[in-house]
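J.: Please read through the structure below; I'll follow up with questions.
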Amino acid sequence: MCTAALTFNELERKSQSTKGWTLVAKNARNAVIGIATTLVVSKTLDRLVTALTPERLASLSPKNKAELTADLQELHALLVVGCRQSEREQSRAFRLLMSKIEERTEDLGDIIEDLVLSGDEQFKMLLSDCVKSISAPVISELVGRMEGRLDGQPTV
């Protein structure tokens with residue numbers, strides 16, 4: 027009876043050990059898949075942000091610009107959530123990849139902001155009014171002061 031109990035204990039220990047190693051292997055596989063997927067996201071995001079040049083965006087029709095803006099906003103929201111969730115990650119390789127994604131996510135946010143503001147007529151009018159309110163003499167006086175001159179004359 028003692029032998030049977032010992033055999034059961036050995037089997038139980040081996041079962042627990044196998045279960046533990048299976049979980050380790052599963053997590054290791056998930057880590058490898060996670061890093062590989064993150065690398066693909068990083069490269070793809072980098073290509074996207076690089077392709078979104080001001081010239082290309084300016085050439086879009088208003089309808090295409092609105093559709094692209096909506097798509098980019100959705101992507102940006104997903105990336106922000108992913109970046110926040112990755113803050114708990116311990117893997118150095120994963121954190122390095124995510125830092126690149128975080129940088130590009132910020133760049134994407136700036137592009138979205140430009141797209142939204144470029145289509146906002148109130149913003150355009152406000153910007154135009156601001157530029158008009160700054161008169162040429164004020165600008166030349168400011169430049170003169172920045173260059174060390176007052177009223178256009180060199181300071182002694």
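Following my numbering, the numbering of the sequence shown begins with 27 at its first residue and continues without gaps.
No residue lacks a Cβ here, since even glycine has one placed at the ideal position from N, Cα and C.
It should be emphasised that the depicted structure is a prediction, and the values quoted were computed from it without experimental measurement.
Which one of Leu153, Val106, Glu147 has the shortest CA to CA distance from leucine 71?
T.: For leucine 71, the nearest C-alpha among the options comes from Val106.
J.: Is the Cβ-Cβ distance between threonine 64 and methionine 124 less than 8 Å?
T.: Yes.
J.: Could you compute how far the alpha carbon of tryptophan 47 sits from the alpha carbon of asparagine 53?
T.: Roughly 10 Å between the two C-alpha positions.
J.: Distance check for isoleucine 61 and arginine 55, CA to CA, integer angstroms please.
T.: Approximately 10 Å between the Cα atoms of the pair.
J.: Do isoleucine 127 and valine 75 have their C-beta atoms within less than 8 Å of each other?
T.: No; because the gap between Cβ atoms is not below 8 Å, this pair is not in contact.
J.: What do you get for arginine 130, buried or exposed, if any count of 16 or more other CB atoms within 10 angstroms of its CB means buried?
T.: Buried.
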